[in-house]
Amino acid sequence: MTLAPLVGLVIGGVAAGVIALAQLVKPEADLLAAVLGVLVIAALSGGLHLDGLADFADALGSRRDRETMLRIMKQSDIGPFGVVAIVGVLLLDVAALTACIQSGYGWQASLIATTASRLTLPWSCRTSVPAARPDGLGTFVAGTVRPLTATIATAVVLAAAVAAALTWPSPSRLAGSAAAVLLAVATSLATTRRARTALGGTTGDVLGATIELALPAALLSLALTP
Numbered sequence: 001m002t003l004a005p006l007v008g009l010v011i012g013g014v015a016a017g018v019i020a021l022a023q024l025v026k027p028e029a030d031l032l033a034a035v036l037g038v039l040v041i042a043a044l045s046g047g048l049h050l051d052g053l054a055d056f057a058d059a060l061g062s063r064r065d066r067e068t069m070l071r072i073m074k075q076s077d078i079g080p081f082g083v084v085a086i087v088g089v090l091l092l093d094v095a096a097l098t099a100c101i102q103s104g105y106g107w108q109a110s111l112i113a114t115t116a117s118r119l120t121l122p123w124s125c126r127t128s129v130p131a132a133r134p135d136g137l138g139t140f141v142a143g144t145v146r147p148l149t150a151t152i153a154t155a156v157v158l159a160a161a162v163a164a165a166l167t168w169p170s171p172s173r174l175a176g177s178a179a180a181v182l183l184a185v186a187t188s189l190a191t192t193r194r195a196r197t198a199l200g201g202t203t204g205d206v207l208g209a210t211i212e213l214a215l216p217a218a219l220l221s222l223a224l225t226p
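Each step along the sequence shown adds one to the number in UniProt numbering, with nothing skipped, and position 48 is 48.
Right, dumping it as structure tokens:
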């Protein structure tokens, strides 16, 4: 879990390459480049995180008791809340990445946001967060990361994001890159707290949902930077 940002770096790097290639072939097709970048990120993740987001949204949307929500999350079908969550997140991803591309900051935004979104995993698996059920992925990774380790990982990712922003030297870009990383961490803390309140802890679906929520948060931070 501590090394998860490295996986995000690889995925973001591939997406950044696709975005750069699309812009090279069709410079005026910013929306197309953004869609391709987002699809690459989703595909390289195997769609698992989007599935987790849908399951978590369906569980919370049901407003049922803890056991019922956990049972909903284990079902293979996707309900209306899950569909809305997936569509909403993907639309935000594409819109924010398109804005970044139009600002000449496309591949950097993809790299920073994807890496930052995986930074949620060490925070979601810190020692104070229990597993919601006795089986599943959450059982193996919950409570395995010390807060100090997560803090060190955050510092490393923060430094890397600022370094990437230096390819477009601007005080606002540096601030936006730092904000993207910190927003990803904040998303993890908020989602984990909601999961503990509703489910009693974290699950594999919650981890995936957190990543998918942190990605648009980071991209929006970069897109809205002047």
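All C-beta atoms, glycine included, are put in the ideal place defined by N, C-alpha and C. These figures come from a predicted structure and were not determined experimentally.
The region 188 to 207 makes no contact with the region 170 to 178; the number of CB pairs closer than 8 Å stays below 3. The region 213 to 224 makes no contact with the region 131 to 148; the number of CB pairs closer than 8 Å stays below 3.
Shortest Cα-Cα distance from THR127 to any of PRO80, THR167, LEU220 and LEU148 involves LEU148. Contact annotation: GLY13 and LEU97 have beta-carbon atoms that are not nearer than 8 Å. Rounded to the nearest whole angstrom, the CA to CA distance from SER103 to ALA22 is 15 Å. Our two residues, PHE56 and PRO5, have alpha carbons roughly 22 Å apart in a direct line. Counted as a single uninterrupted DSSP element, the stretch harbouring ARG63 is not any alpha helix (DSSP H), since DSSP gives it neither H nor E. Residue state for ARG126 is assigned as strand, using DSSP reduced to three classes. Taking C-beta separations shorter than 7 Å and ignoring five residues to either side along the sequence, the partners of SER117 in its chain run GLY8, ALA184, ILE211, ALA214, LEU215 and ALA218, following chain order. By a beta-carbon distance limit of 8 Å, ALA29 does not contact TRP107. Their separation comes to about 15 Å.
Taking 8 Å as the upper bound for CB-CB distance, ASP58 and GLY82 are in contact here, some 4 Å apart. Unbroken alpha helix (DSSP H) stretches of 4 residues or longer found wholly inside the region 130 to 154: 137 to 141, given in chain order.
Linking LEU119 to LEU207 through their CA atoms gives a straight-line distance of about 11 Å.
Contact check for MET69 and ALA163: beta-carbon distance about 41 Å, past the 8 Å limit, so the pair fails to qualify.
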